[in-house]
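S.K.: If you read the sequence shown in this note's numbering, its first letter stands for residue 33, the second for the next number, and so on. Glycine residues also receive a C-beta, built at the ideal position from the N, C-alpha and C atoms.
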Amino acid sequence: MRFSGKIYKNGKFWLAEIPILDVMTQGHSRKEAFEMVGDLIETMADKEGFHVSVYSNRQEYFEIGSEYTRTLVSILLQRKRELSGLSLAQVVEKIGTSSRKEAFPIFCKSGIIPMNTWIRPPALIHPYK
């Protein structure tokens, strides 16, 4: 799985952003900004052994990816929940699970995603629909 990002120079710094996660980091050089992107995502995952690769194309776009798809999906869902301002209890109600205990693994760092929670994913991505 990969997420796309954009890198550009702003003054004396290189800014790197990943819009789907609504995150941004910077570096003194393009190379350093890419290193910071990898470190940012690995820090967000907070999972031992998790590694992110950054794929650049000499243009203004790049992608980050990992063989740990569950962890990347977990980061994405956790960020979307944070950005929507919804509590875990509100998300539980929106996805139709019966308890927080079932939904908690989706939005924590474990990356465990029970299949029965994928019945109504638009409630997670578009919380106001």
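Alpha helix (DSSP H) containing Ser116: first to last residue?
M.R.: Its alpha helix (DSSP H) spans residues Thr101 to Ser116.
S.K.: Where do the N-terminal and C-terminal ends of the beta strand (DSSP E) with Gln58 fall, by residue?
M.R.: Counting along the chain, the beta strand (DSSP E) containing Gln58 begins and ends at Val55 to Gly59.
S.K.: Let's see if you can read the secondary structure: which residues bound the beta strand (DSSP E) around Lys41?
M.R.: Run containing Lys41: Arg34 to Asn42, per the beta strand (DSSP E) assignment.
S.K.: Starting from Val173 and walking both ways along the alpha helix (DSSP H), at which residues does that stretch end?
M.R.: Not covered by the structure: residue 173. The range shown for the chain is 33 to 161.
S.K.: Per DSSP, Phe94 forms a beta bridge with which residues?
M.R.: DSSP output for Phe94 lists Gly37 and Ser88 as bridge partner(s).
S.K.: Does DSSP put Phe66 in a helix, a strand or coil?
M.R.: Of the three classes helix, strand and coil, the one that applies to Phe66 here is helix, per DSSP.
S.K.: Starting from the C-beta of Leu53, find all residues in its chain whose C-beta is less than 6 Å away, skip the five residues before and the five after it, and write them out in chain order.
M.R.: Excluding positions up to five away in sequence, the list reads Arg111.
S.K.: Looking at the structure shown, is Glu49 part of a helix, part of a strand, or coil, going by DSSP?
M.R.: Glu49: strand per DSSP, three-state reduction.
S.K.: Would you identify the three-state DSSP class for Glu80, choosing helix, strand or coil?
M.R.: Here Glu80 sits in coil by DSSP.
S.K.: How long is the line joining the alpha carbons of Ile127 and Leu120, rounded to whole angstroms?
M.R.: Using only the alpha carbons, I get a separation of about 11 Å.
S.K.: With 16 other CB atoms within 10 Å as the buried threshold, where does Leu118 fall?
M.R.: Burial call: buried.
S.K.: Nearest to Thr101 by alpha carbon, out of Val84, Leu115, Arg90 and Ser116?
M.R.: Closest option to Thr101, Cα to Cα, is Val84.
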